[in-house]
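With positions in the sequence shown counted from 1, the corresponding number in this note's numbering is that position plus 360.
All residues carry an ideal CB built from backbone N, CA and C; glycine is no exception.
This structure is a prediction, so every number in the text was calculated from the model and none was measured.
Inspection log for the structure reproduced underneath, given as structure tokens.
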Amino acid sequence: MIELDAINPNNLKVLEVINQKTIPKEVRSFSPQFYKETLQIGPLAQYAYFNNVCVGAVRCKKETHNKSSKLQILSLGVLPPYRKYGVGSQLLEHAVNTAKEIGSKEIYVQLPQALESKDWFLVRGFTELSDSSNEETAVLVHPLQ
Ligand SMILES: CC(C)(COP(=O)(O)OP(=O)(O)OC[C@H]1O[C@@H](n2cnc3c(N)ncnc32)[C@H](O)[C@@H]1OP(=O)(O)O)[C@@H](O)C(=O)NCCC(=O)NCCS
């Protein structure tokens, strides 16, 4: 059974563990500010529980340009033994629904071109933005309206 729940001060450290174990080191490092802000963004950060065990997390950031907003996925990871059970898809669905609820026009993620999970996003409604992508980094966008 997969359930999602908010991140709170008592379990925030779990996000560090999940990110260390899931997001490749060369991809990005997360600052203390990243974790501090996680507690201030409500549904833009969420844990996934598989049979009551916390096994994954998504953390997004809202960006506002003029009057429209976009949601960026900064991290989305599921612990390796718990992959392929649909946990990642539920976290992504949560992020997409949250983006729609707050009126964002799109949700996007920036990844190294070589990252395996690029294809995972591409089969889930994301397309590569050719003019912002380059040899090293892909920008994958999912329009919402
Ligand atoms: C990407 C990730 C979140 C997916 O989590 P997950 O819980 O395994 O996802 P789901 O179970 O919902 O989806 C698994 C499905 O995707 C498929 N899949 C897995 N990796 C894939 C890939 N690289 N390309 C295409 N499909 C892939 C699986 O075969 C499976 O398909 P099935 O349901 O038909 O069997 C997980 O692999 C992960 O944490 N990766 C490392 C972190 C990362 O790269 N995050 C993204 C950048 S922030």
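Placement of the Cβ of G485 at a distance of 7 Å or more from every heavy atom of ligand 1 is found.
It is roughly 8 Å from the alpha-carbon of F410 to the alpha-carbon of V447. Residue pairing from DSSP places I467 in a beta bridge opposite L431 and H502. Residue state for Y445 is assigned as coil, using DSSP reduced to three classes. Per DSSP, L475 lies in no alpha helix (DSSP H) segment and is marked neither H nor E. Here L372 carries a helix assignment [DSSP, helix/strand/coil]. By the neighbour-count criterion, in which 16 or more other beta carbons inside 10 Å mark a residue as buried, T398 falls on the buried side. The closest CA to that of E466, considering only F486, L451 and R419, is found on F486. In this structure, DSSP gives G402 a helical state, which the three-state scheme calls helix.
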